[in-house]
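Asker: Below is the structure I would like to discuss, written out as structure tokens.
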Amino acid sequence: WNLSLELENLFPEEEQNILSFLQEIEKINAEKTSLVFSKPAYLLSPLERAALEMKTRLTKPKLYKYRFKTASDVLGSFFKEERLKTIFHTVVPWERASFLQLAQRWTAFLKRGLYYPKGGYQALANCFVDGFLNQGGQLILNSQVAKILLQGEKAVGVELTDGTKISTDKVVAGCDLRETLEVLVGKEHFPEEYFNSLAVKKLSSSAFYVYLGVSIPEDRIPFSRAVLCSVNNIEQFSGHLEDGETCPVFIDIPNKYDPDMAAGGNSIIILSVPASVSDLNNWGINGTGLSGKKYNVLKAEIADKLIERCEKLIPGLKERIVVKTVATPYTFQSCTSNQNGAAFGWAELPGELERPGQVSPIKNLYFVGHWTYPGGGIPSVVESGMVLANLIANEKI
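Numbers 7 to 403, taken from the working numbering, label the letters of the sequence shown in order.
Structure, rendered in structure tokens:
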């Protein structure tokens with residue numbers, strides 16, 4: 007995939023700017039790949055912080071230059087064409103997105119390409135489960151953890167909501183990190199600096215999803231992924247859903263990658279929009295819960311508007327729908343227990359390079375997932391688990 011050539015054909019007047027931009031993000035990625043934090047930021051003394059800043063400035067000038075820059079700021083400095091800036095901004099579609107995160111995503115796409123797990127994301131989860139069971143693990147489903155058990159200042163197991171206690175040598179938590187600290191453990195067990203460093207972090211946006219099963223053959227859909235924008239303006243990427251008419255809509259057709267997922271002349275179409283629990287007056291919930299009439303009417307109205315807009319790219323879509331499932335930020339909050347339905351943990355904002363590591367201040371308690379290094383997205387989450395597994399396997403912790 008020659009992105010540079012495609013964009014130069016679309017925007018010939020921006021040819022040199024495109025080349026310069028792609029070269030710049032490659033240099034940024036080279037510096038970020040070698041970025042290693044010797045210890046968590048909350049443990050650094052003022053002198054150590056100053057030394058780290060000086061070292062970063064000298065050895066990683068690109069990271070230092072862009073560390074507090076938003077994606078929109080930098081795109082505006084490289085390009086004049088609004089449509090081109092919009093294209094590059096689609097990978098970080100939220101307000102005040104870090105330019106360094108944009109650079110990391112585009113570099114990954116260009117170097118490694120885009121992949122989809124055969125059989126869908128559930129097949130990937132099943133693969134991990136199979137490996138876990140084959141190694142002698144015991145999987146307990148539909149069981150909520152009430153608290154992490156401590157003996158002194160050491161994690162020794164968990165207690166389920168039904169009172170069952172499970173003892174273990176190590177506890178690995180992949181759930182909402184604030185929930186873990188405040189509810190499952192108790193903030194009094196963590197150093198004040200550590201807890202406060204996480205308490206001030208902003209959460210990522212959530213999303214509104216429409217999952218469709220349609221009686222449309224995949225060869226009748228001329229794309230596998232598209233972004234439908236009502237305007238060419240990067241300000242539309244706010245992370246909020248104000249209405250279904252103007253928001254950017256991300257469209258994915260997974261059976262384009264894996265035809266076996268929708269056989270017999272059918273297709274799967276997934277529509278998504280960045281959103282927040284506070285949007286649309288809290289989605290009309292106001293104490294009524296997810297079963298409230300206003301919430302469900304609003305959810306259906308937004309879904310119908312998105313489907314109607316997508317008919318510009320997929321004519322006859324509405325009449326070909328066989329099955330439809332809709333999810334709001336409250337759905338994700340309910341299903342994942344992530345506060346506000348946060349889609350990828352902490353917000354990826356300027357100045358937020360460092361995420362918490364896998365090793366907690368409490369002995370034998372470890373963290374993984376999108377709340378930890380290296381960040382959000384399935385590849386990064388998998389890597390966070392690999393980092394911890396290697397530390398444990400090599401007896402480094």
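Every residue gets a Cβ at the ideal spot worked out from N, C-alpha and C, and that includes glycine.
What are the residues that DSSP puts in a beta bridge with Arg55?
Answerer: As a working mapping, residue 55 is identified with position 49 in the sequence shown. Paired residues: none, contrary to the question.
Asker: Any contact of the stretch 372 to 379 with the stretch 212 to 221, i.e. 3+ C-beta pairs under 8 Å?
Answerer: Taking 8 Å as the limit for Cβ pairs, the verdict is that the stretch 212 to 221 does not touch the stretch 372 to 379.
Asker: Which two residues bound the contiguous alpha helix (DSSP H) that contains Glu358?
Answerer: Taking the sequence shown and counting its residues from 1, one reaches residue 358 at position 352. No alpha helix (DSSP H) holds Glu358; DSSP gives it neither H nor E.
Asker: Suppose the cutoff is 6 Å on Cβ atoms and the five residues either side in sequence are ignored; what does the same chain contact list for Lys153 look like?
Answerer: On the sequence shown, position 147 is the one that residue 153 refers to. Glu165, Leu190.
Asker: Going by alpha carbons, who is nearest to Ile336 out of Leu304, Glu32, Met60?
Answerer: Against the sequence shown, residue 336 aligns to sequence position 330. Looking at the sequence itself, residue 336 is Tyr, so the reference to Ile does not match. Among Leu304, Glu32, Met60, the Cα nearest to that of Tyr336 belongs to Leu304.
Asker: What are the residues that DSSP puts in a beta bridge with Ala268?
Answerer: The sequence position of residue 268 within the sequence shown is 262, counting from 1. Answer is none; Ala268 lacks a bridge partner.
Asker: So for Ala114, helix, strand or coil by DSSP?
Answerer: Within the sequence shown, residue 114 is the residue found at index 108, counting from 1. Reduced to three states, the DSSP call for Ala114 is helix.
Asker: Relative to the alpha-carbon of Ser78, which residue among Ser244, Lys61, Lys66 has its alpha-carbon at the smallest distance?
Answerer: For the purposes of this step, residue 78 is taken as the residue at position 72 of the sequence shown. Ranking the options by Cα distance to Ser78, first place goes to Ser244.
Asker: Name the DSSP beta bridge partners of Ile327, please?
Answerer: On the sequence shown, residue 327 is found 321 positions in, with the first residue counted as 1. Note: Ile327 sits in a beta bridge opposite Val220.
Asker: Is Val5 near Leu108, with beta carbons less than 7 Å apart?
Answerer: There is no way to answer for residue 5, as the model of the chain reaches only from 7 to 403.
Asker: Write down every uninterrupted run of the beta strand (DSSP E) in the stretch 240 to 324 whose length is 3 residues or greater and which is fully enclosed by it, in chain order.
Answerer: Runs of the beta strand (DSSP E) inside the stretch 240 to 324: 255 to 258, 273 to 281.
Asker: Taking only the alpha-carbon atoms, compute the straight-line gap between Val206 and Lys324 and give it to the nearest angstrom.
Answerer: Taking the first residue of the sequence shown as 1, we reach residue 206 at position 200. Taking the first residue of the sequence shown as 1, we reach residue 324 at position 318. Roughly 44 Å separates the two Cα atoms.
Asker: In the DSSP assignment, find the unbroken alpha helix (DSSP H) run with Ala152 in it and report its ends.
Answerer: Here residue 152 is taken as the residue at index 146 of the sequence shown, counted from 1. Ala152 -> not in any alpha helix (DSSP H); beta strand (DSSP E) instead, spanning 151 to 157.
Asker: Contact defined as beta carbons within less than 8 Å: I believe Glu14 pairs with Glu21. What is the distance between those atoms, to the nearest angstrom?
Answerer: In the sequence shown, counting from the first residue as 1, residue 14 sits at position 8. In the sequence shown, counting from the first residue as 1, residue 21 sits at position 15. Rounded, the Cβ-Cβ distance is 5 Å, consistent with contact.
Asker: Please confirm whether Thr65 has its beta-carbon closer than 7 Å to some beta-carbon of chain B.
Answerer: Of the chains in the structure shown, none is chain B; there is only one protein chain.
Asker: Could you tell me the boundaries of the alpha helix (DSSP H) in which Tyr372 lies?
Answerer: Within the sequence shown, residue 372 is the residue found at index 366, counting from 1. Unbroken run through Tyr372 is the beta strand (DSSP E), 371 to 373; no alpha helix (DSSP H).
Asker: For Lys160, which of helix, strand or coil comes out of DSSP?
Answerer: Position 154 of the sequence shown, counting from 1, holds the residue named residue 160. Here Lys160 sits in strand by DSSP.
Asker: Do the stretch 254 to 263 and the stretch 223 to 232 touch if we need at least three Cβ pairs shorter than 8 Å?
Answerer: Touching, yes.
Asker: With three or more beta-carbon pairs closer than 8 Å as the criterion, would you say the stretch 135 to 154 touches the stretch 268 to 280?
Answerer: No, the stretch 135 to 154 is not in contact with the stretch 268 to 280.
Asker: Check whether the Cβ atoms of Leu69 and Glu37 lie closer than 7 Å to each other.
Answerer: Your numbering for residue 69 matches position 63 in the sequence shown. Your numbering for residue 37 matches position 31 in the sequence shown. Yes, Cβ-Cβ distance for Leu69 and Glu37 is below 7 Å.
Asker: Using a 10 Å radius around the Cβ and a threshold of 16 neighbouring Cβ atoms, would you call Gln110 buried or exposed?
Answerer: Translated into the one-based positions of the sequence shown, residue 110 becomes position 104. With 16 or more Cβ atoms within 10 Å of its Cβ, Gln110 is classed as buried.
Asker: How is Leu234 classed by DSSP in three states: helix, strand or coil?
Answerer: For the purposes of this step, residue 234 is identified with residue 228 of the sequence shown, where counting begins at 1. Strand, per DSSP.
Asker: Does the count of Cβ pairs from the stretch 161 to 176 and the stretch 343 to 358 closer than 8 Å reach three?
Answerer: Verdict: no, contact absent.
Asker: Residue range of the alpha helix (DSSP H) that Lys71 falls in?
Answerer: For the purposes of this step, residue 71 is taken as residue 65 along the sequence shown, with counting starting at 1. Its alpha helix (DSSP H) spans residues 67 to 72.
Asker: So what does DSSP say about Leu187, is it helix, strand or coil?
Answerer: Translated into positions along the sequence shown, residue 187 becomes position 181. Three-state DSSP puts Leu187 in a helix.
Asker: For the stretch 246 to 260 against the stretch 281 to 301, are there 3 or more C-beta pairs whose distance is under 8 Å?
Answerer: Yes: the two stretches touch, three or more of their Cβ pairs being nearer than 8 Å.
Asker: Grouping DSSP H, G and I as helix and E and B as strand, with all else coil, what is Tyr122?
Answerer: The residue you call residue 122 lines up with position 116 of the sequence shown. In this structure, Tyr122 counts as coil in the three-state DSSP scheme.
Asker: Taking the Cβ atom as the reference point for each residue, do Gly158 and Val328 lie within a distance shorter than 7 Å?
Answerer: Residue 158 sits at position 152 when you count from the first residue of the sequence shown. Residue 328 sits at position 322 when you count from the first residue of the sequence shown. No, the Cβ-Cβ distance between Gly158 and Val328 is not below 7 Å.
Asker: Helix or strand or just coil, what does DSSP make of Ala213?
Answerer: Residue numbering aside, residue 213 sits at position 207 when the sequence shown is read from its first letter. Ala213 falls in the strand class under three-state DSSP.
Asker: Among Leu106, Lys160, Ser221, whose alpha-carbon lies nearest the alpha-carbon of Gly322?
Answerer: Your numbering for residue 322 matches position 316 in the sequence shown. Residue Ser221 is the option with its Cα nearest to Gly322.
Asker: Contact defined as beta carbons within less than 8 Å: I believe His195 pairs with Leu156. What is the distance between those atoms, to the nearest angstrom?
Answerer: Taking the sequence shown and counting its residues from 1, one reaches residue 195 at position 189. Taking the sequence shown and counting its residues from 1, one reaches residue 156 at position 150. Contact holds; Cβ gap of about 7 Å.
Asker: What three-state label does DSSP hand Ile398 in the structure shown?
Answerer: Residue 398 sits at position 392 when you count from the first residue of the sequence shown. Here Ile398 sits in helix by DSSP.
Asker: What I want to know is whether the C-beta of Gln242 ends up closer than 6 Å to one or more non-hydrogen atoms of the ligand PLP.
Answerer: The ligand PLP is absent from the structure shown, which contains no ligand whatsoever.
Asker: By how many angstroms is the C-alpha of Leu209 removed from the C-alpha of Ser51?
Answerer: One-based indexing of the sequence shown puts residue 51 at position 45. One-based indexing of the sequence shown puts residue 209 at position 203. Each residue's Cα considered, the two are about 26 Å apart.
Asker: Assign Glu165 to one of three DSSP states: helix, strand, or coil.
Answerer: Start at 1 with the first residue of the sequence shown, and residue 165 comes out as number 159. Strand, per DSSP.
Asker: What residues are listed by DSSP as bridge partners for Ile172?
Answerer: In the sequence shown, the residue the question calls residue 172 occupies position 166. DSSP output for Ile172 lists Val164 as bridge partner(s).
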